[in-house]
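S.K.:
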Amino acid sequence: MADRVRWGILSTANIGRAALVPAIVGSANAELLGVASREAERAFGYATRYNIPNSYGSYDALLDDPDIDAIYIPLPNSMHAEWTLRALRAGKHVLCEKPLATTAADAIAMADAADARNLKLMEAFMYRFHPQISAVVTLLDNGAVGELMHMHAAFTFRLTRPDNIRFQPELGGGSLMDVGSYCVNIFRTLADEEPVEAQAFARWHPNGVDEQMVGTLLFASGLTAQFDCALSLARRETFLAAGTEGTLELTRAFLPGTASTTIMLRRGYNDVEQRTIAGVDEYRLMVEHFSDCILTNTRPLFDAREAANNLRVLEALYRSAAANGRPEQII
Ligand SMILES: NC(=O)c1ccc[n+]([C@@H]2O[C@H](COP(=O)([O-])OP(=O)(O)OC[C@H]3O[C@@H](n4cnc5c(N)ncnc54)[C@H](OP(=O)(O)O)[C@@H]3O)[C@@H](O)[C@H]2O)c1
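For the sequence shown, our numbering begins at 32 and goes up steadily by one.
Here it is as structure tokens:
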């Protein structure tokens, strides 16, 4: 393979145009070769607007192009498993949007399919590539809050268009799938262990999806974590780690943009320290990491089996919310 991975995008999704097109184009080891849409004209218009050399009037046509090495999949959640499997069968590496699938079983099948073909597969939780997260890992490891006992996260925003994919149950919509999945993911990333029990309460949208959810996780060590997520509340994306000696807070935990960010450390009312982290495009760092894994045949930092563990937690939270908060084992 050459020194750059040649990417194609399946669909003209908003997140592609807003974040991944600039990320791929700006990456040192990647180039964007094509975009596909269900409508040829839409693909052509998108390709023209973003200077992408090729457009395709079907997803299959892009998968059939031998010049494409890697596919980015920003389709509705319910379509992630099917199109990832089709892309893998076509011999392509896949960076798929979060959540990787709508069930843990599907995510395992996707991981097996990638491994069987020695192809790379990763879930596009881009926030993990921001240096503020590695800084938090180091701070917690070095005892910045003492013993970590509890975490809290929130990811909410207000969606007003009823036709949005997030309000459609058949497309895998819902606030937990969309933004709560980040909260669960950051807990698991920082806890260094998997949660064993979940409890949740939801406010249901007339369409049947959870438009708001509050969830609690219990880890085997006794560590607890709590989050709320919503498609109906003002924008918040916070994270807090509470320990025996202090607390650590992020006010822009998941989408800090490219401006600098801050980590707040408190060890008492008068002992407050603010760490500044330089701004960066976390999407570009994700694309560069994934491209590097392809070029060097190494495993991504976060593989598809890790994504299946996140989905196990989401499944338990949904079971609990459907049973009005009954505690559920994570299996
Ligand atoms: N990592 C992040 O920061 C981030 C941010 C936002 C969203 N996401 C994820 O990215 C994915 C897409 O989200 P989005 O908000 O960008 O979606 P979107 O703008 O609604 O785009 C989804 C695309 O999927 C295609 N599609 C195929 N079948 C469809 C159907 N039945 N209904 C609607 N669209 C269909 C359409 O493209 P064509 O018509 O061109 O085929 C459409 O443009 C989701 O999985 C979401 O969770 C991630």
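Here a beta-carbon is modelled for each residue, glycine too, at the ideal position from N, C-alpha and C.
Go through its chain and collect everything with a Cβ distance to residue 194's Cβ below 6 Å, but skip five positions before and after it.
M.R.: For the purposes of this step, residue 194 is identified with residue 163 of the sequence shown, where counting begins at 1. Excluding residues within five positions, none has a Cβ falling inside 6 Å.
S.K.: Ligand 1 heavy atoms versus the CB of residue 133: any closer than 7 Å?
M.R.: For the purposes of this step, residue 133 is identified with residue 102 of the sequence shown, where counting begins at 1. Every heavy atom of ligand 1 is 7 Å or more from the Cβ of residue 133, so no.
S.K.: With which residues is residue 241 paired in a DSSP beta bridge?
M.R.: For the purposes of this step, residue 241 is taken as residue 210 along the sequence shown, with counting starting at 1. DSSP output for residue 241 lists 235 as bridge partner(s).
S.K.: From the DSSP output, which residues share a beta bridge with residue 259?
M.R.: Indexing the sequence shown from 1 puts residue 259 at position 228. BP columns for residue 259 point to 185, 245.
S.K.: Are the region 136-156 and the region 324-331 in contact at 8 Å, needing three or more beta carbon pairs?
M.R.: yes
S.K.: Buried or exposed for residue 303, please, with buried defined as at least 16 other CB atoms from any protein chain shown within 10 angstroms of its CB.
M.R.: Residue 303 sits at position 272 when you count from the first residue of the sequence shown. Residue 303 comes out exposed.
S.K.: Keeping to the same chain, check which residues put their C-beta closer than 6 Å to that of residue 316; ignore five residues upstream and five downstream.
M.R.: As a working mapping, residue 316 is identified with position 285 in the sequence shown. Same-chain partners within the cutoff: 160.
S.K.: Just to confirm, does residue 45 get its C-beta within under 7 Å of one of the non-hydrogen atoms of ligand 1?
M.R.: In the sequence shown, counting from the first residue as 1, residue 45 sits at position 14. Checking the Cβ of residue 45 against ligand 1 gives yes.
S.K.: My assumption, with CB atoms under 8 Å, is that residue 287 sits in contact with residue 208. Please give the rounded CB distance.
M.R.: For this step, residue 287 is matched to residue 256 along the sequence shown. For this step, residue 208 is matched to residue 177 along the sequence shown. Not quite, the Cβ-Cβ distance comes to about 22 Å (not below 8 Å), so this is no contact.
S.K.: With DSSP as the reference, label residue 122 as helix, strand or coil.
M.R.: As a first step, residue 122 must be located in the sequence shown, where it is residue number 91. It is coil, neither helix nor strand.
S.K.: Any heavy atom of ligand 1 closer than 7 Å to the CB of residue 123?
M.R.: Counting from one through the sequence shown, the residue named residue 123 turns up at place 92. Checking every heavy atom of ligand 1 against the Cβ of residue 123, none is found closer than 7 Å.
S.K.: Once the 5 residues before and after residue 75 are set aside, which same chain residues still bring their CB inside 7 Å of it?
M.R.: For this step, residue 75 is matched to residue 44 along the sequence shown. 86.
S.K.: If you follow the alpha helix (DSSP H) that residue 103 is part of, which residue opens it and which one closes it?
M.R.: Mapped onto the sequence shown, residue 103 falls at position 72. Note, residue 103: premise wrong, no alpha helix (DSSP H); beta strand (DSSP E) at 101-104.
S.K.: May I ask whether a heavy atom of ligand 1 can be found less than 7 Å away from the beta carbon of residue 192?
M.R.: Within the sequence shown, numbered from 1, the residue matching residue 192 stands at position 161. No - ligand 1 has no heavy atom lying nearer than 7 Å to the Cβ of residue 192.
S.K.: What did DSSP end up calling residue 328 once you bin it into helix, strand or coil?
M.R.: Numbered from 1 along the sequence shown, position 297 holds the residue referred to as residue 328. Residue 328: coil per DSSP, three-state reduction.
S.K.: Hey, could you find the ends of the alpha helix (DSSP H) residue 169 is sitting in?
M.R.: Position 138 of the sequence shown, counted from the first residue, corresponds to residue 169. Taken as a continuous stretch (DSSP letters only), the alpha helix (DSSP H) holding residue 169 covers 162-172.
S.K.: What I want to know is whether the C-beta of residue 196 ends up closer than 7 Å to one or more non-hydrogen atoms of ligand 1.
M.R.: For this step, residue 196 is matched to residue 165 along the sequence shown. Indeed, a heavy atom of ligand 1 lies less than 7 Å from the Cβ.
S.K.: Going straight from the alpha carbon of residue 258 to that of residue 276, what length do you get?
M.R.: Your numbering for residue 258 matches position 227 in the sequence shown. Your numbering for residue 276 matches position 245 in the sequence shown. The straight-line gap separating the alpha-carbon atoms of residue 258 and residue 276 is approximately 22 Å.
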